[in-house]
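A.B. asks: Take any residue in the sequence shown, count from 1 to its spot, add 23: that is its number in our numbering.
Got a structure for you, questions after.
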Amino acid sequence: MKRLGKMFQLIGQAALSFSDDHGFKLSASLSYYTIFALGPLLIIIISLAGIFFGKEAVQGEIYHEINGIVGNDAAVQIQDIIKNIQHTHATVTGAIIGGIVLILGATGVFTEMQGSINFIWSVKANPKKSWLKYIINRLISFSLVLVLSFLLLVSLIINALLSVLSDRLIKLFPDYTVSLFNFINTAIILVVITGLFTVIFKILPDAIISWTDALIGSALTALLFLLGKVIIGFYLGRSNLGITYGTAASIIIILTWVYYSSMILYFGAEFTKVYALNAGEGIRPKQTAVFIIKQEAKEIPQSRIQL
Numbered sequence: 024m025k026r027l028g029k030m031f032q033l034i035g036q037a038a039l040s041f042s043d044d045h046g047f048k049l050s051a052s053l054s055y056y057t058i059f060a061l062g063p064l065l066i067i068i069i070s071l072a073g074i075f076f077g078k079e080a081v082q083g084e085i086y087h088e089i090n091g092i093v094g095n096d097a098a099v100q101i102q103d104i105i106k107n108i109q110h111t112h113a114t115v116t117g118a119i120i121g122g123i124v125l126i127l128g129a130t131g132v133f134t135e136m137q138g139s140i141n142f143i144w145s146v147k148a149n150p151k152k153s154w155l156k157y158i159i160n161r162l163i164s165f166s167l168v169l170v171l172s173f174l175l176l177v178s179l180i181i182n183a184l185l186s187v188l189s190d191r192l193i194k195l196f197p198d199y200t201v202s203l204f205n206f207i208n209t210a211i212i213l214v215v216i217t218g219l220f221t222v223i224f225k226i227l228p229d230a231i232i233s234w235t236d237a238l239i240g241s242a243l244t245a246l247l248f249l250l251g252k253v254i255i256g257f258y259l260g261r262s263n264l265g266i267t268y269g270t271a272a273s274i275i276i277i278l279t280w281v282y283y284s285s286m287i288l289y290f291g292a293e294f295t296k297v298y299a300l301n302a303g304e305g306i307r308p309k310q311t312a313v314f315i316i317k318q319e320a321k322e323i324p325q326s327r328i329q330l
């Protein structure tokens, strides 16, 4: 009971820090980047995971997941974006140029994410090593794209295994099959999302944090993410966005979901920081980074230059 009270206290501190660090503004910025990077990011993930399961199977799985969150119209819109990007890369030259643009676009969202989590954790990359840091950031961002592809691949494999076992499970548990499948599916999604957030908090920022602290923060973030999936799905299913925004409703729905997801990510980063500093092993900058001080002042020191 005492630990539960301590946990709620840390969550309250994280909420205050989220407000002080302008979490809503950071979330809006990430949403803007994500909208433009969504197509390239999905193209790369589909291409990599499609090596093992086929592009059509992977694309169908992604469509199914997006459809379950934001509805059919928004999912179809994302599918159209993917198809349009693929058609523009028909020639060899177009494929080369398009590949570079895809990588830069897909990794750009993680670069933006890195800068925001750095700010939340009060660290900053050393400006003296800017070019080296830029290259490292892009490599790290691309590695996270690979992680996303791997997690999608694992999810597809598990779903395939469950499909194979479904007939036997129906015979063994005829009265509980639907509930059992829902529980297993939710548990798998929770583990996958927790793993993704753990990798993001551990690898992406210019800070050193223990795996345990990153895992605890990621577990809470994943729970909030799944809860938000239900809430926003309920809201979007009963809202009149189609009447209000007309043909732009699909984009508004996607943007709404991305914005909420961004808020959950940054709140999770705040909680991870608060937990690490108060109950964990702390946070310290990497060798290529420094701490920053976020301080308020009534006056800004000025030095007058004689012209």
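Backbone N, C-alpha and C define an ideal beta-carbon position, used for all residues, glycine too.
What would DSSP say about Pro308, mapped onto helix, strand or coil?
C.D. replies: If DSSP states are grouped into helix, strand and coil, Pro308 belongs with the strands.
A.B. asks: Closer than 8 angstroms is the cut-off here; do at least three beta carbon pairs connect the stretch 300-318 with the stretch 242-249?
C.D. replies: Touching, no.
A.B. asks: Between the Cα of Phe47 and the Cα atoms of Gln318, Tyr298, Ala299, Phe290, which residue gives the shortest distance?
C.D. replies: Selected option, being the one with the closest Cα: Phe290.
A.B. asks: How big is the Cα-Cα spacing for Phe224 and Ala272?
C.D. replies: Going by the C-alpha atoms only, they are around 33 angstroms apart.
A.B. asks: Would you list the one or two residues that DSSP bridges to Lys147?
C.D. replies: Answer by DSSP bridge pairing, in chain order: Val313.
A.B. asks: How would you call Gly62, buried or exposed, if buried means at least 16 neighbouring beta carbons within 10 angstroms?
C.D. replies: Flag for Gly62 reads buried.
A.B. asks: With a cut-off of 8 angstroms on the beta carbons, I'd call Phe248 and Ile216 a contact; round off their distance for me.
C.D. replies: Indeed, because the Cβ distance is near 6 angstroms, the residues count as touching under 8 angstroms.
A.B. asks: Less than 6 angstroms between C-beta atoms, sequence neighbours within five positions excluded: which residues of the same chain meet that for Leu238?
C.D. replies: Same-chain partners within the cutoff: Thr221.
A.B. asks: Does DSSP put Ala292 in a helix, in a strand, or in coil?
C.D. replies: Reduced to three states, the DSSP call for Ala292 is helix.
A.B. asks: I'd like to confirm the pairing. Which residues does DSSP put opposite Gln230 in its beta bridges?
C.D. replies: Looking at the sequence shown, residue 230 is not Gln but Ala. DSSP lists Pro308 as partners of Ala230.
A.B. asks: Use the C-beta contact count for Val253: other C-beta atoms within 10 angstroms, 16 or more gives buried, fewer gives exposed.
C.D. replies: Exposed, since its Cβ has fewer than 16 Cβ neighbours within 10 Å.
A.B. asks: Consult DSSP for Asp103 and reduce its assignment to one of helix, strand or coil.
C.D. replies: In the structure shown, Asp103 sits in a helix (DSSP, three-state: H, G or I).
A.B. asks: So, helix, strand or coil for Gly303, using DSSP?
C.D. replies: In the structure shown, Gly303 sits in coil (DSSP, three-state: anything other than H, G, I, E or B).
A.B. asks: Looking at Val146: is its Cβ nearer than 7 angstroms to the Cβ of Tyr56?
C.D. replies: Not closer than 7 angstroms, so no.
A.B. asks: As a quick exercise: from Ser139, Glu135, Leu27, Ala302, pick the residue whose alpha carbon is nearest that of Phe41.
C.D. replies: Nearest option by C-alpha distance: Ser139.
A.B. asks: Answer with buried or exposed for Trp234, where buried requires no fewer than 16 other C-beta atoms within 10 angstroms of its C-beta.
C.D. replies: Per the 10 Å Cβ criterion, exposed.
A.B. asks: At the level of alpha carbons, what is the spacing between Leu246 and Thr295?
C.D. replies: Taking the straight line joining both Cα atoms gives about 14 angstroms.
A.B. asks: Tell me the DSSP secondary structure of His87 in three-state form.
C.D. replies: Helix, per DSSP.
A.B. asks: Specify the secondary structure class of Gly240 as computed by DSSP and reduced to three states.
C.D. replies: Helix.
A.B. asks: By Cβ distance below 8 angstroms, which residues in the same chain neighbour Asn141 in space, the five residues on each side in sequence not counted?
C.D. replies: Same-chain partners within the cutoff: Lys147, Ala148, Pro228, Asp229, Ala230, Ala312.
A.B. asks: Check for me: the alpha helix (DSSP H) holding Gly35 runs from which residue to which?
C.D. replies: 25-43 is the span of the alpha helix (DSSP H), which, as asked, contains Gly35.
A.B. asks: In chain order, what residues of the same chain have a beta carbon less than 6 angstroms from the beta carbon of Ile232, not counting five sequence neighbours either side?
C.D. replies: Ala299, Ile306, listed in sequence order.
A.B. asks: Could you work out which residue in His45, Gly28, Asp103 is closest to Lys317 when comparing CA atoms only?
C.D. replies: Among His45, Gly28, Asp103, the Cα nearest to that of Lys317 belongs to His45.
A.B. asks: Here's the rule: buried if 16 or more other CB atoms are within 10 angstroms of the residue's CB, otherwise exposed. What is Leu250?
C.D. replies: So Leu250 ends up on the exposed side.
A.B. asks: With DSSP collapsed to three states, give me the class of Gly77.
C.D. replies: Correct three-state label for Gly77: coil.
A.B. asks: Taking the Cβ atom as the reference point for each residue, do Lys78 and Ile67 lie within a distance shorter than 7 angstroms?
C.D. replies: Taking 7 angstroms as the Cβ cut-off, Lys78 and Ile67 do not qualify as a contacting pair.
A.B. asks: Ser262 by DSSP, collapsed to three states: which one?
C.D. replies: The answer is coil: DSSP assigns Ser262 none of H, G, I, E or B.
A.B. asks: When you compare only the Cα positions, how much space is there between Ile315 and Leu53?
C.D. replies: Taking the straight line joining both Cα atoms gives about 21 angstroms.
A.B. asks: Take Ile58 and list the residues in its own chain whose beta-carbon comes closer than 8 angstroms to its own, dropping the five residues that flank it on each side.
C.D. replies: Around Ile58: Ile274, Ile277, Leu278, Val281.
A.B. asks: Alpha carbon to alpha carbon, what distance is there between Lys25 and Ala60?
C.D. replies: If I take the Cα positions, the gap works out to 44 angstroms.
A.B. asks: Tell me which residues share the same chain as Gln32 and place their Cβ nearer than 6 angstroms to its Cβ, disregarding the 5 neighbours each side in the sequence.
C.D. replies: The answer is none, since no qualifying residue turns up.
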